[in-house]
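The structure appears right after this line, and notes come after that.
There are 2 protein chains.
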Amino acid sequence: MSKSKRLMELMMTVNRKKKFTVKELATEFDVSTRTILRDLQELSELGVPLYSEVGPHGGYQVLNERILPPIAFTEEEAVAIFFACHALRHYAYLPFETESSSALSKFYFYMSGDVRDRIDEMKNRIDFVIPSRQAKFPYLSILLDGAIRQKVIRIEYESREGVSTRLIQPVGIYASSGLWYCPAYCFLREDIRLFRCDRIKFAAEDTSGMQPLDLRHLHLGNREALLPSEQEFASLYVELTEEGVHRCEAEHWTATKLHRREDGTGWLEGRLPKGDIPFLAQFFIGLGADATVQHPPALIDDIKRRLVEMMARYA
Amino acid sequence: MSKSKRLMELMMTVNRKKKFTVKELATEFDVSTRTILRDLQELSELGVPLYSEVGPHGGYQVLNERILPPIAFTEEEAVAIFFACHALRHYAYLPFETESSSALSKFYFYMSGDVRDRIDEMKNRIDFVIPSRQAKFPYLSILLDGAIRQKVIRIEYESREGVSTRLIQPVGIYASSGLWYCPAYCFLREDIRLFRCDRIKFAAEDTSGMQPLDLRHLHLGNREALLPSEQEFASLYVELTEEGVHRCEAEHWTATKLHRREDGTGWLEGRLPKGDIPFLAQFFIGLGADATVQHPPALIDDIKRRLVEMMARYA
DNA sequence: GTATTTGTGACAATAGTTGTCACTATTATA
DNA sequence: TATAATAGTGACAACTATTGTCACAAATAC
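Written as structure tokens, this is what we have:
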């Protein structure tokens, strides 16, 4: 093995291990410890962030940073990566505890000049727009950590009825249309609930000793199954215009209920929890002429009641 | 200079240049051509995708792919990059002519084991959700190229009135809520218009000889300036409940108009383009009891008209 | 005090590298 | 067809770099 190859493989090896000794590497690469010491010195000079501890249980470590070894990306791949990361700037809050812009700067800086030129040309010509929100989401990383590690989190949640303290166990977090949501098991309601993260006014790991449930089988990929199961249901049927179809596409709860016709119009059909009628009434009023509810009667009644109330307010 | 360093720098040099000769590199690195030939052979063996052409105007080139040299990312940076790219999977159509998933696989594959483990833990716990759209956007790359290179594009556009052929000069393209839009100068209307890309049924570079305008000063970053400026304004005043305040906080157009009181309620106050009244009427209807419009009268009238229409529909 | 780790310098033996040389092959162009 | 410009190959003497061994130093946990 040539020295160049050995250095390259050594770079990948130290990248992979959290901690290692000179002796260990010497055995693995079948060279002397002196040679490994020299090689590590040379890697340091090449920019690999190594540091060492002398003494028992000592050894070498790579600083927090992980080196991405040389990768060949096509120009299109590099451009896709760049603009995907560039889109993160629209989020004032992210659960990653660093500026995503530092990642982007590094990537851009090291990319070859012609790809950089291409990116510069495109920068003001393409964007993934995410609505800029005034809301604040300061507890995203606590919630995400709670979901990953199955922890109980104490939150103060602001709803219509005011601020309440709750114990929750998060399933995950997701961003939609610039807002962050957290489906979680609520110990107060003893059921899965969807929380809007800007309404979480405080969050910290619970210290009261509440035992977490085993929710490993639940995740964002099967979040439709997160809906409450012991509820009364009614069957829903709503006619939609083409515009109504588009607006329902943007709502995740419609995913299994939305049907389309060739001409672009469509309909919603399926079961709905009776407890959701107030929310749905207001939702379909918001769709205006683009939705016509035909079933269930209770929903139509609620819509009519609200329309009358609104008419009175504007008389 | 040690051989290892020379190889590393040579990797970066060939990465940067589109095309180069052995002689040129030998001069640049102050070694013989024989040594450069050997070095290039060794780079090949290390995986750099080089290919050569013999004869006049020959030389070496790096295949389409560009090598990203070793970069040290923090774990958080790597995770941010990964999930930003992962979010691209929600787009069935992208203007980048490759699968963004191949970029992501490469990135993931070469990242060190512990970061990979972390990503795996997080994969079903965090997501940037983009609505899944049935619409098709097959001409994104043509439009983007048109914007970058200031080209005139012939399109067939489907609007309410049917399909029309137009010549446009794109300013750029952007994705919002899963749909792609293209602000462009329309030669038919002799003004800037916003086109929805799923309604562009055909697009190709114009061959009729229409001269492009110089639109270099226009781009997505100043697209608010793309809107028509000769508009009539009216003054808006809306009382909001606490819930109404929350829901307006989530809207970007309210940024300069929203005022809050100590008790959590608030109001919207400011000027609005008269052309926005239909949109705003439906918006405030969707807020229901949480908003009460007090000014302008034209908006109140539109709201009332829509309420009457809806009541008739549910009678 | 002992054991375990990193660390340093020196040197002989060995391996690898370099530039020069002579020659080959390919290709565009006049 | 000849020429020029490019990549390419093998060989070899001279030179450089690398390696492992050795002796010793320093730091640290137990």
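Residue numbers (numbering that gives the first Met the number 0), protein chains in the order written: chain A, 0 to 314; chain B, 0 to 314.
Note that the Cβ used here is the ideal one computed from N, Cα and C, for glycine as well.
Residues of its chain near residue i, where Cβ-Cβ distance is below 6 Å and the 5 sequence neighbours each way are ignored
{"i": "residue 35 (chain A)", "result": "21, 24 and 25"}
{"i": "residue 94 (chain B)", "result": "139, 140 and 143"}
{"i": "residue 127 (chain A)", "result": "86"}
Selected residue, minimal CA-CA separation from residue i, among the options
{"i": "residue 63 (chain B)", "options": "B:106, B:18 and B:103", "result": "B:18"}
{"i": "residue 212 (chain A)", "options": "A:219, A:167 and A:245", "result": "A:167"}
{"i": "residue 14 (chain A)", "options": "B:65, B:38, B:133 and B:114", "result": "B:114"}
{"i": "residue 287 (chain B)", "options": "B:294, B:275 and B:306", "result": "B:306"}
{"i": "residue 195 (chain A)", "options": "A:216, A:169, A:204 and A:208", "result": "A:169"}
{"i": "residue 67 (chain B)", "options": "A:60, A:61 and A:76", "result": "A:76"}
{"i": "residue 299 (chain B)", "options": "B:154, B:281, B:309 and B:252", "result": "B:281"}
{"i": "residue 268 (chain B)", "options": "B:257, B:74 and B:1", "result": "B:257"}
{"i": "residue 210 (chain A)", "options": "A:141, A:161, A:72 and A:152", "result": "A:152"}
{"i": "residue 190 (chain B)", "options": "B:304, B:214 and B:237", "result": "B:214"}
{"i": "residue 80 (chain B)", "options": "B:57, B:118 and B:46", "result": "B:118"}
{"i": "residue 65 (chain A)", "options": "A:47, A:74 and A:52", "result": "A:47"}
{"i": "residue 162 (chain B)", "options": "B:147, B:127, B:202 and B:149", "result": "B:202"}
{"i": "residue 250 (chain A)", "options": "A:283, A:260 and A:188", "result": "A:283"}
{"i": "residue 89 (chain B)", "options": "A:308, A:311 and A:248", "result": "A:248"}
{"i": "residue 207 (chain A)", "options": "A:243, A:150 and A:56", "result": "A:150"}
{"i": "residue 351 (chain B)", "options": "A:148, A:40 and A:101", "result": "Past the boundaries of the shown model lies residue 351 (chain B); chain B is included only from 0 to 314, so the question cannot be answered."}
{"i": "residue 112 (chain A)", "options": "A:293, A:92 and A:74", "result": "A:74"}
Three-way DSSP call (helix, strand, coil) for residue i in this model
{"i": "residue 100 (chain A)", "result": "helix"}
{"i": "residue 52 (chain B)", "result": "strand"}
{"i": "residue 202 (chain B)", "result": "strand"}
{"i": "residue 303 (chain A)", "result": "helix"}
{"i": "residue 197 (chain B)", "result": "helix"}
{"i": "residue 251 (chain A)", "result": "helix"}
{"i": "residue 296 (chain B)", "result": "helix"}
{"i": "residue 150 (chain B)", "result": "coil"}
{"i": "residue 26 (chain B)", "result": "helix"}
{"i": "residue 172 (chain B)", "result": "strand"}
{"i": "residue 82 (chain A)", "result": "helix"}
{"i": "residue 157 (chain B)", "result": "strand"}
{"i": "residue 180 (chain A)", "result": "strand"}
{"i": "residue 60 (chain B)", "result": "strand"}
{"i": "residue 112 (chain B)", "result": "helix"}
{"i": "residue 316 (chain B)", "result": "A query on residue 316 (chain B) cannot be resolved here, the shown segment of chain B reaching from 0 to 314 and no further."}
{"i": "residue 16 (chain B)", "result": "coil"}
{"i": "residue 87 (chain B)", "result": "helix"}
{"i": "residue 107 (chain B)", "result": "helix"}
{"i": "residue 32 (chain A)", "result": "helix"}
{"i": "residue 216 (chain A)", "result": "coil"}
{"i": "residue 3 (chain B)", "result": "helix"}
Spatial neighbours of residue i in its chain, beta-carbon cut-off 7 Å, leaving aside the 5 residues before and after
{"i": "residue 130 (chain B)", "result": "176 and 177"}
{"i": "residue 297 (chain A)", "result": "233 and 276"}
{"i": "residue 110 (chain A)", "result": "77"}
{"i": "residue 39 (chain B)", "result": "49 and 59"}
Distance between beta carbons of residue j and residue i, contact taken as under 8 Å
{"i": "residue 273 (chain B)", "j": "residue 233 (chain B)", "result": "5 Å"}
{"i": "residue 125 (chain B)", "j": "residue 87 (chain A)", "result": "Going by Cβ atoms, the distance from residue 125 (chain B) to residue 87 (chain A) rounds to 13 Å, so no, they are not a contact pair."}
{"i": "residue 2 (chain A)", "j": "residue 99 (chain B)", "result": "Not really, about 37 Å apart at Cβ, beyond 8 Å."}
{"i": "residue 106 (chain A)", "j": "residue 84 (chain A)", "result": "7 Å"}
{"i": "residue 7 (chain A)", "j": "residue 45 (chain B)", "result": "6 Å"}
{"i": "residue 235 (chain A)", "j": "residue 270 (chain A)", "result": "7 Å"}
{"i": "residue 181 (chain B)", "j": "residue 172 (chain B)", "result": "5 Å"}
{"i": "residue 155 (chain B)", "j": "residue 164 (chain B)", "result": "6 Å"}
Contacting residues, own chain, Cβ-Cβ under 8 Å from residue i (five flanking each side not counted)
{"i": "residue 31 (chain B)", "result": "25"}
{"i": "residue 121 (chain A)", "result": "78 and 82"}
{"i": "residue 240 (chain A)", "result": "264, 288, 289 and 290"}
{"i": "residue 27 (chain B)", "result": "12"}
{"i": "residue 285 (chain B)", "result": "none"}
{"i": "residue 197 (chain A)", "result": "132, 134, 135, 136, 178 and 179"}
{"i": "residue 219 (chain A)", "result": "170, 171, 173 and 182"}
In chain order, what residues of the segment 13-31 of chain A put their CB closer than 8 Å to some CB of chain B?
So the list reads 14, 15 and 17, given in the order they occur along the chain.
Task: chain A contacts made by the segment 261-287 of chain B, where a contact means CB separation under 7 Å - done: Sequence-ordered contacts of the segment 261-287 of chain B with chain A read 281, 284, 285 and 287 [C-beta pairs closer than 7 Å].
Exercise. Taking only beta carbons into account, state which residues of the segment 109-132 of chain A come closer than 7 Å to chain B, listed in chain order.
Key: Under the 7 Å Cβ criterion, the segment 109-132 of chain A contributes 109, 110, 111, 112, 113, 114, 120, 121, 123, 124, 125, 126, 127, 128, 130, 131 and 132.
| request: Compile a chain-ordered list of the residues in the segment 75-87 of chain B whose CB is closer than 9 Å to at least one CB of chain A. | output: Those would be 75, 76, 77, 78, 79, 80, 82, 83, 84, 85, 86 and 87, in chain order.
- With 9 Å as the C-beta to C-beta threshold (strictly closer), list the residues of the segment 159-172 of chain B near chain A in chain order. Answer in chain order: 169, 170, 171 and 172.
Checklist entry - For the segment 93-104 of chain B, which residues have a CB atom closer than 9 Å to at least one CB atom of chain A, in sequence order? => result Legend: CB atoms of the segment 93-104 of chain B lying less than 9 Å from CB atoms of chain A belong to residues 93, 94, 95, 96, 97, 98, 99, 101, 102 and 103.
#### Entry: chain A contacts made by the segment 212-223 of chain B, where a contact means CB separation under 7 Å
Correct list: 218, 219 and 220.
Interfacial residues, the segment 239-252 of chain A to chain B, with Cβ spacing under 9 Å: Listed in sequence order: 244, 245, 248, 249, 250 and 251.
Practice item. Anything in the segment 296-308 of chain A with a Cβ closer than 8 Å to a Cβ of chain B? List those residues in chain order, please. Key: So the list reads 299, 302, 303, 305, 306, 307 and 308, given in the order they occur along the chain.
Which residues, taken in chain order from the segment 175-208 of chain A, show a beta carbon closer than 7 Å to some beta carbon of chain B?
So the close ones are 175, 176 and 178.
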